[in-house]
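*Asks:*
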Amino acid sequence: MEKFNMKTINFTAEIIQHGTDNAGYVVFPFSTEELFGKKGQVKVKVLFDNKVPYRGSLAKMGKSYHFLILTKEVRASLNKTFGDTVEVSLEQDLEERVVVVPEEVLTIFNAYPEVGLAYNKLSYTRKKELMLWITSAKKEETKERRKQQLPSIILEETKNK
């Protein structure tokens, strides 16, 4: 369990379903501007029901309030679903978020430095998704195919950044 060093904010909230999607969130019932000095996205460390840790962000995404996503993995770990309540303890996450790049992907970045530079422009979440996509392949041929696709995916996603 992660230790919370800064001011911890505690609240209870209902898990709300996003439309008809299998996506859930809780509303953050406080002002991020007053608590964190930020109107936009705030990176946070969270502990749900005193047992399930999560690193994410408070986001507005066009709403008048901030909310926190509860992934299906978090909901499963909590054994909770939409309409259930959850205890939330959170604090601002000021630690740098680093994605571990496997050696086999570093080889690609070394062979194609422009791909490595483009990768560094991606968000933490996107970097994490891409590395999971590579490492979660069950078959070696799937992993190889994904590694071959990786440079064009990264370059395409960053061409206007």
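Position 66, counted from 1, in the sequence shown is what full-length UniProt numbering calls 66; the numbers after and before it change by one each time, with no gaps. Ideal Cβ positions, reconstructed from N, Cα and C, are used throughout, including at glycine.
Taking 8 Å as the cut-off, does the region 43-57 touch the region 76-89 (at least 3 CB pairs, one atom from each stretch)?
*Replies:* Contact between the region 76-89 and the region 43-57 is present, because at least three Cβ pairs lie under 8 Å.
*Asks:* Relative to the C-alpha of residue 100, which residue among 85, 66, 117, 135 is closest?
*Replies:* In the sequence shown, counting from the first residue as 1, residue 100 sits at position 100. Nearest C-alpha to residue 100: 135.
*Asks:* Nearest by alpha-carbon distance to residue 63: which of 82, 25, 44 is it?
*Replies:* One-based indexing of the sequence shown puts residue 63 at position 63. Per the Cα distances, 25.
*Asks:* Under a three-way DSSP split, which group does residue 1 fall into?
*Replies:* To locate residue 1, count along the sequence shown from 1; it is residue 1. Low per-residue confidence applies at residue 1: pLDDT is 37, beneath 50, and the placement is therefore not dependable, though the value from the model is reported in the following sentence. Three-state DSSP puts residue 1 in coil, outside helix and strand.
*Asks:* The alpha helix (DSSP H) that contains residue 153, what's its start and end?
*Replies:* Translated into the one-based positions of the sequence shown, residue 153 becomes position 153. 140-158 is the span of the alpha helix (DSSP H), which, as asked, contains residue 153.
*Asks:* Looking at the structure shown, is residue 97 part of a helix, part of a strand, or coil, going by DSSP?
*Replies:* For the purposes of this step, residue 97 is taken as the residue at position 97 of the sequence shown. Three-state result, residue 97: coil.
*Asks:* How far does the alpha helix (DSSP H) with residue 47 in it extend, from its first residue to its last?
*Replies:* Reading the sequence shown from its first residue, position 47 is the one you call residue 47. Counting along the chain, residue 47 falls outside any alpha helix (DSSP H), though it belongs to the beta strand (DSSP E) covering 42-48.
*Asks:* Which residue from 137, 114, 128 puts its Cα closest to that of residue 158?
*Replies:* By 1-based counting over the sequence shown, the position of residue 158 is 158. If we check each option's Cα against that of residue 158, 114 comes out closest.
*Asks:* Give me the Cα-Cα distance between residue 65 and residue 28, rounded to the nearest whole angstrom.
*Replies:* Position 65 of the sequence shown holds residue 65. Position 28 of the sequence shown holds residue 28. Spanning the two alpha carbons is a distance of roughly 7 Å.
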